[in-house]
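Worksheet: one structure, shown below.
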Amino acid sequence: MEIAEKVIETRTADEGLGSTVRQAARDFAEALAGTPQFEAFEQAAERLRCDQAAQDVIRAFQTKQRSLQVMQMLKAVSVQDQAELDRLREAFLVEPAVAAYLQAQADLTALCRAAADILSRHIGLSFAAACGPGCC
Amino acid sequence: MNDTLSVTLPADLLAAIEALAENLLRAEPIVHYHQAQARLEADQQAHALLERLSAAQADLRGRQSRGMLTQADVDILRMLQRDAQANPVIMDYAEAQQAALACLPVVNQEISQLLGIDFASLAGPGSC
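If you read the protein sequences in the order shown, they are chains A and B. Residues 10 to 145 (the working numbering) make up the first sequence, in order. Residues 40 to 167 (the working numbering) make up the second sequence, in order.
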C-alpha cells in the first residue's frame with residue numbers, strides 16, 4: 010500500500026502539483042464564490058441574460074460594430090457611421106442591466122486582482138502573468 | 040494596480056489565499072524554483088552575466104529603434120547569450136522558473152472550473 014501511494018505521489022509530482030495544492034485552489038475558489046462581489050456579479054449576469062431590452066441594445070451595438078470592423082481597421086469609418094456607433098454604445102452603456110453588469114464585473118475584477126496580487130507576493134511568481142493570454 | 044489597493048478582502052478569502060500560497064510553496068517545482076533563484080543570487084558571476092545580457096538586450100532594442108544597429112552589436116548579444124546558456128546556474132534557474140510558472144495555469148484551471156469564469160483573466164492587468 011505504501012509503495013502504491015509512493016508511486017501515485019511521484020506521478021502527481023511529475024505532473025507538477027499534488028492533490029493538496031488542487032484542494033487548496035478549490036478552497037480558495039469557494040471562498041471567492043462566497044464574496045458579495047462574486048454573488049453580485051452572478052446576479053448581474055443572470056439579470057443581463059434575462060433582460061430583453063438589454064439584449065436588444067447589446068445586439069444592436071454588436072451588429073453595428075461588426076459591420077464596421079473592416080472600415081475601422083482601415084480607419085475609414087464615415088462620420089455618420091461613427092456617430093451611429095457612438096449613439097448605440099451610449100445606449101448600451103446606460104441600459105440599467107448593462108450598467109449594473111459592468112459595475113459588478115469591475116468590482117469582481119478588483120477583488121480578483123487584489124487576491125492574485127497577494128498570492129503572487131507570497132509565492133514570488135506573478136500568477137496572472139503566468140496564466141494570462143499575454144499582452145498583444 | 041491602485042484599484043486593487045482599495046479592496047478589502049474578507050478574512051476567509053485571505054486565509055484561503057495564504058493556505059493556497061503555503062501549499063504552492065511546498066510544491067516541488069516551486070521549491071526547486073526558489074532554490075535555483077537563491078543559487079543564482081548567491082553566484083556573483085552568473086548574476087553579473089545576466090545583468091550584462093539584460094543591458095545588452097536593452098541597448099540592442101534602443102539601437103534598433105534608432106536604426107543604428109550594427110553586426111557587432113548583434114555579435115556581442117549572441118556571445119552573451121551563449122555564455123548564459125553555458126552557465127549551469129543560469130540554465131537551472133531558467134528551467135526551474137519555466138517549470139514553476141507552468142504549474143500556475145493548472146491552479147487557475149482548478150479555480151476557474153469551480154467559479155465558472157476564468158480567474159486569471161479577471162485578475163490580469165487588463166487588455167492593451
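All C-beta atoms in this analysis are idealised placements derived from N, C-alpha and C, irrespective of residue type, glycine included. As the structure is a computational prediction, the values presented were derived from the model and not from experiment.
*Is there at least one Cβ from chain B nearer than 8 Å to A:R56's Cβ?*
Working through the first sequence from its first residue, we reach residue 56 of chain A at position 47. Closer than 8 Å: no.
*asked:* When you compare the CB of B:S160 with every CB in chain A, is at least one pair closer than 8 Å?
replied: In the second sequence, residue 160 of chain B corresponds to position 121, counting from 1. For B:S160, the nearest CB of chain A lies under 8 Å from its own CB, placing it at the interface with that chain.
*Could you give the distance in angstroms between the alpha-carbon of B:L108 and the alpha-carbon of A:A138?*
As a first step, residue 108 of chain B must be located in the second sequence, where it is residue number 69. As a first step, residue 138 of chain A must be located in the first sequence, where it is residue number 129. The straight-line gap from Cα to Cα measures roughly 31 Å.
*asked:* Less than 8 Å between the beta carbons of B:L154 and A:L120, yes or no?
replied: Sequence index remark: in the second sequence, residue 154 of chain B carries index 115 (1-based). Sequence index remark: in the first sequence, residue 120 of chain A carries index 111 (1-based). Their beta carbons are not under 8 Å apart, which means B:L154 does not touch A:L120 by this criterion.
*Does A:C59 get closer than 8 Å to chain B when you measure Cβ to Cβ?*
What you label residue 59 of chain A is simply residue 50 of the first sequence in a count that begins at 1. It does not: the Cβ of A:C59 has no partner Cβ on chain B nearer than 8 Å.
_Nonlocal neighbours in the same chain, by C-beta distance under 7 Å from B:Q76, ignoring five residues either side_ = Taking the first residue of the second sequence as position 1, residue 76 of chain B is located at position 37. The beta carbon of B:Q76 lies closer than 7 Å to those of Y132 in the same chain, with the five residues before and after it left out.
*Would you call the CB atoms of B:A159 and A:F136 closer than 8 Å?*
As a position in the second sequence, residue 159 of chain B is number 120, starting the count at 1. As a position in the first sequence, residue 136 of chain A is number 127, starting the count at 1. The Cβ atoms of B:A159 and A:F136 sit closer than 8 Å to each other.
*How is A:A42 classed by DSSP in three states: helix, strand or coil?*
As a first step, residue 42 of chain A must be located in the first sequence, where it is residue number 33. If DSSP states are grouped into helix, strand and coil, A:A42 belongs with the helices.
_Anticipated Cβ contact below 8 Å, B:A94 with B:C142, distance rounded_ = For the purposes of this step, residue 94 of chain B is identified with residue 55 of the second sequence, where counting begins at 1. For the purposes of this step, residue 142 of chain B is identified with residue 103 of the second sequence, where counting begins at 1. Under the criterion of beta carbons closer than 8 Å, B:A94 and B:C142 do not qualify as touching, at roughly 31 Å.
*asked:* Is there a Cβ of chain A sitting closer than 8 Å to that of B:A135, yes or no?
replied: Counted from its first residue, the second sequence places residue 135 of chain B at position 96. Residue contact check for B:A135 against chain A: no CB pair falls below 8 Å.
*With distances taken from CA atoms, which of B:S104, B:A85, B:A139 and B:Q152 is nearest B:R121?*
Translated into positions along the second sequence, residue 121 of chain B becomes position 82. Shortest Cα-Cα distance from B:R121 to any of B:S104, B:A85, B:A139 and B:Q152 involves B:A85.
*Short check: CB of A:L97 to CB of A:F47, under 8 Å?*
Sequence index remark: in the first sequence, residue 97 of chain A carries index 88 (1-based). Sequence index remark: in the first sequence, residue 47 of chain A carries index 38 (1-based). Not a contact, by the Cβ cut-off of 8 Å.
_Buried versus exposed, by CB contacts within 10 Å (16 or more), B:G32_ = Residue 32 of chain B lies beyond the residue range present for chain B, which begins at 40 and ends at 167; the question has no answer from this structure.
*Please list, in chain order, all residues of the same chain as B:M130 whose beta carbon is under 7 Å from its beta carbon, the five residues on each side excluded.*
Counting from one through the second sequence, the residue named residue 130 of chain B turns up at place 91. Excluding residues within five positions, the ones whose Cβ falls inside 7 Å are Q124.
*asked:* Short of 9 Å Cβ to Cβ, which residues in the region 26–52 of chain A face chain B?
replied: Within the region 26–52 of chain A, the residues whose Cβ lies closer than 9 Å to some Cβ of chain B are L26, G27, T29, V30, R31, Q32, A33, A34, R35, D36, F37, A38, E39, A40, L41, A42, G43, T44, P45, Q46, F47, F50 and E51, listed in chain order.
*Helix, strand or coil: how does DSSP classify A:E104 here?*
Taking the first sequence and counting its residues from 1, one reaches residue 104 of chain A at position 95. Correct three-state label for A:E104: coil.
*Apart from the five residues just before and just after A:R56, which ones in its own chain have a Cβ nearer than 6 Å to its Cβ?*
Against the first sequence, residue 56 of chain A aligns to sequence position 47. Cβ within range, chain order: A106.
*Report, in whole angstroms, the separation of the C-beta atoms of A:L128 and B:A60, which I expect to be a contact under 8 Å.*
The sequence position of residue 128 of chain A within the first sequence is 119, counting from 1. The sequence position of residue 60 of chain B within the second sequence is 21, counting from 1. Correct: roughly 6 Å between the Cβ atoms.
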